[in-house]
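Contents: one structure, followed by commentary.
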Amino acid sequence: QYFGPYPFASYGHIVVPMDGVSLETQSMTLIDAGVVARGLEYVVVHELAHQWFGDSVSPASWADIWLNEGFAVYASWLWDEAQSPERMIGQLEATERQAWQADSGEPLADPSAGNLFGFNSYIKGAWVLRMLRGEIGDEAFFDTLRAYHERFKGGVASSADFQAVAEEVSGQKLDWFFEQWVYGQLMPNLTVNWEQQSNGDLQVQVCQRQDNLFIFDLPLAVVGDDAQHGGETIKVDEIEEQFIMPAGFAVIQMQVDPNQALLAEVEVNQVEVFVPCR
Ligand SMILES: [Zn+2]
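In terms of our numbering, the sequence shown has 31 at position 37, counting the first letter as 1, and numbering is strictly consecutive.
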């Protein structure tokens, strides 16, 4: 449904004890016996997804390994999302923290040899797909996955090939997206400071703490003490942003990116005095 027709004639599993490692051998996945014993569905989904992304379309070079692992992790997130969107959000929050802590600081599309199968290739890769979906929308995103597989099945593809398909299908220029998330380093490290003014408006300051500038949409939700909800999504494209956000009630909490649309480390502070970010 999401990836297009299964690319091979048959599919099966060989279950053997492999110390926690499973491998997407073409059309007959090697599954570690522990996966079956512990009911780890996500591993089965991950290895199945590799039949499309990894086996049918292989990476043009080792630098493109995220096109295997990020896609397979993302497939397991789609599985989770179909079962429980709420649980999915909770898991994303956990992976976001892990991705931040484990970030190698290397570009996604150029990991060093020791990090080929590191956290970035898997988790940051999957996050990049999630954010691309947010950027171009569900329809263009899944059309992109199917078109990418259709065009490169039985062969190899690079990050540039994937970008070209995404641009063609969505009709959008995505250089800025791939530059910062795929070819660039790091991920956003944000501090969001806010204060409610006497007229009820919220003054909000967003600081980007990482070295390289990122451009993104940042959803902000506010909650009042009578469970009132409000919020808006703001465009961030500077190291420091200040803006005013109207609120019709006394705000007690600000939630930044509550639905996990953006891969970022975020600190939120209610402040009385604003100081420059740097
Ligand atoms: Zn894998």
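All C-beta atoms, glycine included, are put in the ideal place defined by N, C-alpha and C.
Neighbour-count burial assignment, residue i, 16 or more Cβ in a 10 Å radius
i           : result
residue 2   : exposed
residue 148 : exposed
residue 13  : exposed
residue 118 : buried
residue 46  : buried
residue 143 : buried
residue 116 : buried
residue 132 : exposed
residue 56  : exposed
residue 62  : buried
residue 212 : buried
residue 93  : buried
residue 103 : buried
residue 105 : buried
residue 66  : buried
residue 169 : exposed
residue 220 : exposed
residue 187 : buried
residue 40  : buried
residue 174 : buried
residue 29  : buried
Paired residues, beta bridge with residue i - DSSP
i           : result
residue 224 : 216
residue 237 : 198
residue 184 : 202 and 260
residue 22  : 6
residue 149 : 51
residue 248 : 216
residue 123 : Beta-bridge pairing links residue 123 to no other residue.
residue 210 : 230
residue 190 : 196
residue 17  : 24
Which listed residue (the options) has its alpha carbon closest to that of residue i
i           : options               : result
residue 201 : 215, 259, 246 and 249 : 259
residue 183 : 41, 150, 204 and 248  : 204
residue 171 : 231, 109 and 100      : 231
residue 269 : 86, 196, 185 and 110  : 185
residue 227 : 130, 216, 233 and 220 : 216
residue 287 : 255, 250, 38 and 69   : Since the first and last residues shown for the chain are -5 and 272, residue 287 lies out of range.
residue 27  : 10, 109, 41 and 37    : 10
residue 244 : 267, 209 and 192      : 192
residue 64  : 120, 100 and 104      : 120
residue 266 : 196, 24 and 212       : 196
residue 272 : 242, 235 and 248      : 235
residue 22  : 31, 43, 36 and 34     : 43
residue 90  : 114, 101 and 103      : 114
residue 111 : 247, 50 and 17        : 17
residue 52  : 124, 38 and 146       : 146
residue 178 : 153, 37 and 134       : 153
residue 165 : 129, 59, 175 and 79   : 129
residue 180 : 99, 81 and 80         : 99
residue -5  : 76, 206 and 188       : 76
residue 262 : 19, 198, 239 and 78   : 198
residue 0   : 221, 49, 254 and 101  : 49
residue 189 : 222, 135, -2 and 246  : 246
residue 208 : 187, 233, 224 and 219 : 233
residue 194 : 238, 96, 160 and 85   : 238
residue 257 : 160, 97 and 220       : 97
residue 273 : 101, 107, 124 and 59  : An answer regarding residue 273 cannot be provided, because it is not within the stretch -5 to 272 covered by the chain.
residue 72  : 210, 127 and 107      : 127
residue 136 : 151, 159 and 155      : 159
residue 163 : 138, 86, 31 and 34    : 138
Residue i at chain D interface by Cβ criterion, 8 Å
i           : result
residue 236 : This model lacks chain D altogether, as it is built from one protein chain only.
Residue i Cβ short of 7 Å to ligand 2 heavy atom set
i          : result
residue 60 : Among the ligands modelled here, namely ligand 1, ligand 2 does not occur.
(request) Output the residues surrounding ligand 1, defined as those with a CB atom closer than 7 Å to any ligand heavy atom, in chain order. (result) 18, 40, 41, 44, 48, 62, 63 and 66
(message) Could you tell me which whole beta strand (DSSP E) segments of length 3 or greater appear in the stretch 67 to 152?
(response) 149 to 151, all fully within the stretch 67 to 152.
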